[in-house]
Each structure stands twice: as C-alpha cells, then as structure tokens.
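Line order of the protein sequences matches chains A and B.
Sequential numbering of the first sequence, starting at 23, is according to our numbering.
Sequential numbering of the second sequence, starting at 266, is according to our numbering.
Presented below is the structure to which this report refers.
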Amino acid sequence: MSGWTRHEGQAVALPLANIDTDQLIPARFMSVPRSEGYGDYLLHDMRRDDDGALLADFPLNRNNAASVLVTGRNFGSGSSREAAVYALVDAGIRAVIAPSFGDIFSSNAVNNGLLPARVDADEIEKLFALLGNGAAEATVDLKEGAVKLAGTTLYFALDESWRIKLINGWDDIDLTQQHAEAISRFKENRSQTASWAWPAAAD
Amino acid sequence: MSVPQTLLDKLWATHEILRREDGVSLLWVDRHLVHEGSHHAFAKLAARGAKVAVPELTFAVVDHYAPTRNRARIEDPQIARMIKTLRTNARSHDVRLFDLNDPGQGIVHVIGPEQGLTLPGLLINCGDSHTSTHGAFGTLAFGIGATEVAHVLATQTVWQKKPPAMRITVDGSLGPGVSAKDIALNWIAQLGTDGARGHALEYAGSAIRDLTMEGRMTLCNLSIEGGARFGMVAPDATTLAYVEGRPHAPKGADWDKAVAAWSEFVSEQGAEFAKDIHFDAADIAPTVTWGTSPEQALPVDASIPDPARLAGGKSDSARAALDYMGLVAGRPLAGTPVDQVFIGSCTNGRIEDLRAAAAVLSGRRAKVPGLVSPGSAQVKAQAEDEGLDKIFTKAGLDWVASGCSMCVGMNGDLVGEGKRCASSTNRNFRGRQGRGARTHLMSPVMVAAAAVNGAIADVRPLLDGRAV
Ligand code: SF4
C-alpha cells in the first residue's frame with residue numbers, strides 16, 4: 023500500500039445512516055479473488071436494478087468519478103468483511119466523511135489507504151445540503167486534518183496512529199517483524215507462566 | 266493504594282508485548298480461528314512467501330459456505346472452490362481443520378467454546394465480527410479484517426489501541442419467555458447501534474450471573490451490533506463447569522493452575538468505567554426488530570413506530586426501513602404475518618436454544634415453512650439424542666446440517682425477495698438473508714411462536730404448563 027498526504031477529487035453525498043458492510047458489498051460477491059477487482063460490487067443492490075443495470079439517479083451513478091464520499095452515521099457497521107473496503111477502494115474512493123464508523127471497518131480502511139474521516143453530525147448535515155444531488159471539488163489533506171469542499175473547510179477527527187499510517191503507507195507485518203525478539207520473549211514467558219493457555223491435545 | 270482494575274485492564278496487561286509511543290499496543294494472540302472467508306488473508310501471506318507463525322494456535326473451520334444438505338456432492342462450483350481453498354491453505358500451513366464431515370464441525374463461534382479452545386483469560390481473534398461471542402468466558406475476543414488476519418497468521422500478534430471500558434449491569438430476574446437475546450436487543454434499542462461504539466463492554470449484575478454460558482455467549486455475540494469492540498462476562502463457577510473436560514481444555518495440573526489464574530479475571534470493587542449503565546431485568550419483554558438495523562427493536566406488544574414522531578436523524582432511516590420491510594406505522598407488531606422462520610446461527614444455534622424452541626413447538630404445527638440448522642455437528646448429534654429433531658420435523662420444519670446457513674446465505678440458504686422471515690440470527694440488515702429479504706430478529710422461542718402462529722406473536726401465552 024502506498025501512502026498519501028493530499029487528495030483532490032470529486033465529493034458526492036450519500037445521505038443515509040447505518041450503511042453496513044452487507045450493503046457495501048453483498049455476501050454473494052465475496053468469493054471473488056481480489057485481483058479481479060471489487061469496484062463493480064460497491065453498494066451493488068442499492069445502485070443497481072434486479073438485472074444489474076445502474077440506477078440513473080443513485081448519487082454514485084450520477085457522479086461516477088467521485089472519490090470522496092460524504093455519508094451518515096455508523097458507516098461500515100456490521101460484518102468485518104474487508105471486501106467492503108476493497109469495493110470502495112477499487113471503485114476509486116479515497117476518503118469517506120461521516121459522523122461515525124464501524125470500528126473494524128475503520129481499521130480495515132486504514133489498512134488499505136482509505137481515510138475514514140470523522141466530522142460532527144451537524145457539519146455533515148450542512149454538507150448534505152451543500153452537495154445536494156451534485157458533486158463538488160474537494161481537497162483532503164491528511165497533514166492538516168482538513169477537507170476543503172464547496173468553499174468551506176472542515177476539520178476531521180482521526181486517530182494519530184492512523185494518520186501516520188495513511189501518510190506512510192506502512193505495512194504492519196514489516197513493522198511487527200522488527201519486534202520479533204520481544205515477541206519470542208513474550209511467547210516463551212507466557213508458555214512458562216500460563217502453560218494452560220496452550221490448547222491441550224484432544225484425547 | 267493502587268487504582269482498582271477492570272477485567273479489561275487485567276486481560277490487556279497479560280497480553281501486551283509492547284506499547285508504541287502513539288499508544289497502540291502489540292498484543293499476543295492465544296487462539297486464531299479462520300474460515301473460508303480467510304482466503305484473502307492467506308493470499309496476502311502467499312504473496313509475501315510467509316508461513317503461519319504458530320500453527321498450533323490456529324484452527325480452521327468450514328462454516329460460512331457449509332452446505333446444510335447434500336454435503337457429499339456440492340453443486341455450486343463457487344462454494345466448492347471456497348471450501349477447497351480453505352482445505353488447501355490449512356494443509357499447506359499445517360493448521361487443524363474442522364472439515365465438513367468432522368464431528369467437531371460447526372460455526373466458528375460455537376465450536377471454539379465447545380472444543381475447549383475458548384478459555385477465560387485468553388485473547389482470541391477471528392476474521393469475523395461476532396468473535397465477541399468468546400468474551401462470554403472472560404476473554405479478550407474481537408473480530409478483525411483480512412489485513413489483520415494476515416498479520417496474525419504471520420506474527421501471532423495484533424496491534425490494537427486499548428479501548429475505554431464500559432459496563433452494562435442487569436439486575437433482577439428475567440420473566441418467562443425472556444432470554445439473553447432480549448437483554449441484548451433491548452439495550453441496543455435503547456442505546457443505539459453506536460451506543461457502545463469503541464468500548465470494551467463488560468456485562469455484570471445478577472441477571473447476567475444467572476445466565477448459562479449459552480445465554481452469555483448470545484449476549485456477548487450481539488455486543489458488536491451495539492458497536493462494542495468486545496463483550497465480556499467475568500468467569501465464575503458457571504464458566505468453569507462449562508469448560509472442564511472439553512477436548513482442548515487444560516487438564517491435570519494445568520487445570521488447577523488455570524483455575525487459580527482465572528479467579529483473578531474480575532473487575533475490582535471501585536474500578537472506573539467510562540460508561541456505566543443499569544437495566545432492570547423485570548422491565549425486559551420478548552423483543553422483536555421491526556426495521557433494518559438491530560436498534561430498530563421493540564417489545565412484541567408494541568406498535569410499529571411512526572417515523573414522524575422519532576427524534577432527529579432517526580425518522581428518515583425509520584421511514585426507509587418501514588418501506589423496505591413493507592410495514593405500516595401504528596399497526597401492532599404482533600400479528601404481522603411471516604412467510605418463513607429460521608432457527609440457527611452463532612447467536613442462537615446452541616443446544617439450549619434448540620431445546621427452548623422445541624419446548625414451544627412440541628405437539629404443535631408450524632403454519633409456515635422453516636429451517637432449523639444447529640450451530641455445530643455436536644449440537645446436532647445432541648439434539649437428535651434428545652429427540653428435538655423429531656419435534657421440529659413433526660412441526661413441519663426442516664432439520665438440516667450445521668453452518669452459518671440462512672444467517673448470511675452464503676451457502677445458498679436464502680430468504681426470497683420480499684419474503685418475511687422470523688429469525689434467531691443477529692442482523693436484520695437489508696439483503697442480509699438474501700436480496701430484498703425482510704428479517705425480524707427475535708429469540709428462538711419467539712421464532713417458534715411465529716412459526717406456530719404464522720405471524721409475529723408473543724410467546725408467553727404458548728408457555729403455559731411447559732418448561733422452557
Ligand atoms: S452464523 Fe452468521 S454471524 Fe455467525 S459467524 Fe456465521 S455468518 Fe457470521
């Protein structure tokens with residue numbers, strides 16, 4: 023994953039609360055290997071009719087170049103499926119701005135270079151009004167922790183460790199392997215002091 | 266004097282390898298459970314040429330895609346491929362697999378405890394949000410995404426920031442026909458789906474102590490639906506009685522050491538919780554969801570809410586939910602006709618759940634079709650020993666093999682478009698049980714009552730003279 027600090031793109035509003043990961047990608051698409059791309063499955067059942075054709079008036083269909091999504095509270099709640107993030111990322115989304123996110127979704131997002139930016143619900147309501155059905159140019163700056171959009175600047179909340187990770191595009195496994203010694207010391211110690219924590223052999 | 270510690274503090278301290286300057290901890294993982302959905306993580310591992318770091322702490326199971334009928338010949342090539350991929354990955358990384366025909370097969374959150382893999386004082390990860398279930402044992406258990414699954418596979422550790430602690434205390438006695446499912450749906454309805462957002466939730470109080478392990482698992486399982494990162498109950502005599510003698514539970518001297526260690530895993534008197542909330546068990550009624558979010562739940566004798574009268578942002582989502590669910594505001598919830606029923610899942614697919622549902626269905630006929638899928642092959646065998654399968658089939662319901670089944674429909678057990686299902690599962694999200702499916706979450710006995718009435722119904726009148 024490569025890091026980033028600044029992103030410019032089109033923002034659209036999806037003024038709905040509780041968009042869970044089952045909406046972001048219905049379960050039936052999750053057996054596909056990532057290499058095939060997940061973009062077409064994003065919000066599949068919301069943005070397509072029964073025959074799979076795109077619904078003309080769905081916000082993301084009206085503005086299919088959007089890369090910044092402004093949406094309601096509790097975005098990405100539910101299932102831990104990282105495929106929900108793959109669908110967003112593969113569809114070109116770089117930042118989601120919402121009052122709150124599912125916890126596991128947020129970690130998954132950051133692990134894939136997608137910014138989950140928390141902004142007060144009142145500010146989000148104003149953005150919904152500003153954006154309406156249209157799109158607007160947006161600039162997202164991770165260093166400043168700000169989004170500039172339709173003439174306003176909004177500051178978002180983001181855990182500091184996640185900000186650093188997004189900027190650097192770090193891979194956790196590489197980072198962790200630097201602590202290999204501490205890990206093996208811990209393991210050794212735990213196996214001595216808490217041998218019960220290892221599974222007993224089944225009879 | 267030292268600051269009184271919470272259960273969370275103690276579990277965290279015993280797993281913390283190190284803490285970075287930014288406050289994120291590297292934690293040791295005692296058990297890692299994987300399933301078919303872990304294919305992304307194994308692919309990431311393969312891409313870096315890495316191996317599973319500690320195979321003896323990793324356990325794999327076929328559950329999400331497990332066919333519940335005709336297992337010998339899987340017709341859907343996608344499903345067959347998913348299961349085959351897991352087999353290949355388990356074999357090449359030397360990981361114990363509970364395969365389709367293994368007597369220990371079942372839903373990952375049912376078999377962990379059943380096999381004695383889930384113990385108090387552990388840290389358990391799984392690439393599945395309902396991993397919170399295992400917290401019922403006084404365990405730090407949480408779901409992770411594919412990147413983190415790959416990380417645990419490669420390092421047997423996980424990076425996490427310690428969440429603030431929250432406590433929900435439920436005192437008093439639950440009324441007849443009211444169970445752990447109702448405690449959970451009730452608090453989520455009152456506090457909202459982000460009511461416990463970002464918190465480690467501990468349950469306490471006499472009503473929680475009185476729950477069996479099955480009930481505690483149901484409660485901890487649903488904690489994620491209220492936004493909690495972990496749901497936990499401190500271990501006690503009920504926990505020990507459940508764990509002792511399970512296949513992978515500690516034995517001999519290790520058992521004694523374990524019991525001594527586990528007795529420490531309680532929140533101390535005066536420990537501080539960022540949020541501390543109380544409920545009275547006597548106030549909790551059999552609860553049913555009416556919408557498309559678990560917070561959209563009400564006592565069964567309530568009326569379908571009028572969106573116009575709901576606060577702030579909730580009215581729009583209520584309107585959209587009623588539209589999707591095909592319900593009319595102001596009508597009583599009870600009496601809403603259902604097309605089918607489902608009993609199963611990691612929330613309510615354990616033996617006790619099946620016994621309770623069977624007690625309601627015994628000698629009665631279901632007015633609608635339905636599926637009963639036990640949470641594991643062991644639960645299935647036990648239920649058959651007790652003759653529960655006969656009760657279900659005599660009532661007209663289908664008795665099938667174990668797996669996630671209609672909870673998520675990945676194995677093809679789907680609810681049809683526009684069909685209404687009374688379900689003992691955990692998510693009433695749009696399309697969760699199939700595109701356009703309408704799900705009402707409720708306890709197993711309430712599903713049984715819906716089956717008997719062909720409509721959502723209060724189970725309590727059906728309990729007369731029956732032990733549930
Ligand atoms: S039964 Fe449902 S919630 Fe539980 S693990 Fe399976 S799919 Fe997930």
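Where is the CB? At the ideal position from N, CA and C, for every residue including glycine.
Leaving out five residues on either side along the sequence, give the residues of the same chain with a beta carbon under 7 Å from the beta carbon of residue i.
{"i": "glutamine 380(B)", "result": "Gly369, Arg511, Pro512, His513"}
{"i": "tyrosine 177(A)", "result": "Gly167, Ala168"}
{"i": "glycine 480(B)", "result": "Ser444, Ala445"}
{"i": "leucine 486(B)", "result": "Reading the sequence as shown, one finds asparagine at residue 486(B) and not leucine. Closer than 7 Å at Cβ, skipping near neighbours: His374, His395, Ser397, Thr398, Cys611, Thr612, Asn691."}
{"i": "alanine 536(B)", "result": "Pro269, Gln270, Thr271"}
{"i": "alanine 732(B)", "result": "Ala624"}
{"i": "glutamate 219(B)", "result": "Residue 219(B) lies beyond the range of chain B shown here (266 to 733); nothing can be said about it."}
{"i": "alanine 648(B)", "result": "Ile616, Leu619, Pro639, Asp654"}
{"i": "leucine 310(B)", "result": "Ala415, Leu418, Ala419"}
Quick one: measure Cβ to Cβ for residue i and residue j, integer angstroms, because I've assumed they're closer than 8 Å.
{"i": "valine 90(A)", "j": "valine 162(A)", "result": "6 Å"}
{"i": "cysteine 669(B)", "j": "isoleucine 372(B)", "result": "6 Å"}
{"i": "arginine 432(B)", "j": "alanine 472(B)", "result": "Actually they do not touch by this definition, with Cβ atoms about 14 Å apart."}
{"i": "leucine 291(B)", "j": "threonine 215(A)", "result": "With a Cβ gap of about 18 Å, leucine 291(B) and threonine 215(A) do not count as contacting."}
{"i": "proline 441(B)", "j": "leucine 728(B)", "result": "6 Å"}
{"i": "alanine 224(A)", "j": "leucine 387(B)", "result": "Rounded, the Cβ-Cβ distance is 17 Å, inconsistent with contact."}
{"i": "valine 606(B)", "j": "alanine 715(B)", "result": "6 Å"}
Give me, in chain order, the residues of the same chain whose beta-carbon lies closer than 6 Å to that of residue i; leave out the 5 immediate sequence neighbours on both sides.
{"i": "isoleucine 126(A)", "result": "Ser102"}
{"i": "glycine 114(A)", "result": "Ser89"}
{"i": "aspartate 459(B)", "result": "Gly492"}
{"i": "alanine 713(B)", "result": "Ala622, Val625, Leu626"}
{"i": "proline 48(A)", "result": "His66, Asp67"}
{"i": "alanine 131(A)", "result": "Val107, Pro138"}
{"i": "alanine 454(B)", "result": "Glu560, Ala562"}
{"i": "proline 429(B)", "result": "His464, Ala539"}
{"i": "serine 438(B)", "result": "Ala546"}
Apply the 10 Å Cβ neighbour rule to residue i and answer buried if 16 or more other Cβ atoms are within range, or exposed otherwise.
{"i": "alanine 502(B)", "result": "exposed"}
{"i": "aspartate 723(B)", "result": "buried"}
{"i": "alanine 546(B)", "result": "buried"}
{"i": "glutamate 182(A)", "result": "exposed"}
{"i": "glutamine 270(B)", "result": "buried"}
{"i": "asparagine 366(B)", "result": "exposed"}
{"i": "valine 593(B)", "result": "exposed"}
{"i": "proline 55(A)", "result": "exposed"}
{"i": "asparagine 354(B)", "result": "buried"}
{"i": "valine 680(B)", "result": "buried"}
{"i": "threonine 658(B)", "result": "exposed"}
{"i": "threonine 247(A)", "result": "The question about residue 247(A) has no answer, for chain A in this structure spans 23 to 225."}
{"i": "isoleucine 389(B)", "result": "buried"}
{"i": "leucine 77(A)", "result": "exposed"}
{"i": "serine 129(A)", "result": "buried"}
{"i": "lysine 187(A)", "result": "buried"}
{"i": "lysine 579(B)", "result": "buried"}
Between which two residues does the alpha helix (DSSP H) carrying residue i extend?
{"i": "proline 378(B)", "result": "373-379"}
{"i": "glycine 408(B)", "result": "No alpha helix (DSSP H) holds glycine 408(B); the beta strand (DSSP E) holding it covers 405-408."}
{"i": "glutamine 45(A)", "result": "43-46"}
{"i": "isoleucine 126(A)", "result": "125-133"}
{"i": "phenylalanine 178(A)", "result": "Per DSSP, phenylalanine 178(A) belongs to no alpha helix (DSSP H) and is neither H nor E."}
{"i": "glycine 517(B)", "result": "517-527"}
{"i": "glycine 635(B)", "result": "Careful: glycine 635(B) lies outside any alpha helix (DSSP H), inside the beta strand (DSSP E) at 635-637."}
{"i": "threonine 458(B)", "result": "Premise fails: threonine 458(B) is in no alpha helix (DSSP H) and is neither H nor E."}
{"i": "lysine 426(B)", "result": "First-last for lysine 426(B): 422-426, but that is the beta strand (DSSP E), not the alpha helix (DSSP H)."}
{"i": "methionine 478(B)", "result": "478-487"}
{"i": "phenylalanine 208(A)", "result": "202-215"}
By Cβ distance below 8 Å, which residues in the same chain neighbour residue i in space, the five residues on each side in sequence not counted?
{"i": "threonine 175(A)", "result": "Ala168, Val169"}
{"i": "alanine 318(B)", "result": "Leu418, Ala419, Thr420, Gln421"}
{"i": "glycine 677(B)", "result": "Pro332, Asp341, Ile344"}
{"i": "aspartate 566(B)", "result": "Ala550, Pro597, Leu598, Ala599, Asp723"}
{"i": "serine 24(A)", "result": "Gly135, Gly191"}
{"i": "phenylalanine 530(B)", "result": "Leu272, Lys275, Leu276, Pro385, Gly386, Gly403, Ala499, Pro500"}
Please indicate yes or no: does the CB of residue i lie closer than 7 Å to some heavy atom of ligand 3?
{"i": "valine 326(B)", "result": "Looking at this structure, you won't find ligand 3 anywhere; what it does contain is ligand 1."}
From which residue to which residue does the beta strand (DSSP E) around residue i run?
{"i": "methionine 671(B)", "result": "Neither: methionine 671(B) is in no beta strand (DSSP E) and is coded neither H nor E."}
{"i": "glycine 578(B)", "result": "Premise fails: glycine 578(B) is in no beta strand (DSSP E) and is neither H nor E."}
{"i": "histidine 543(B)", "result": "540-545"}
{"i": "serine 688(B)", "result": "685-688"}
{"i": "glycine 156(A)", "result": "Element bounds for glycine 156(A): n/a, residue is neither H nor E."}
{"i": "tryptophan 293(B)", "result": "289-293"}
{"i": "methionine 88(A)", "result": "Reading off the sequence, residue 88(A) comes out as alanine, not methionine. 88-93 is the span of the beta strand (DSSP E), which, as asked, contains alanine 88(A)."}
Against chain C, does residue i count as a neighbour if the rule is that its beta carbon must be under 8 Å from one of theirs?
{"i": "threonine 420(B)", "result": "The structure shown has no chain C; the protein chains it does contain are A and B."}
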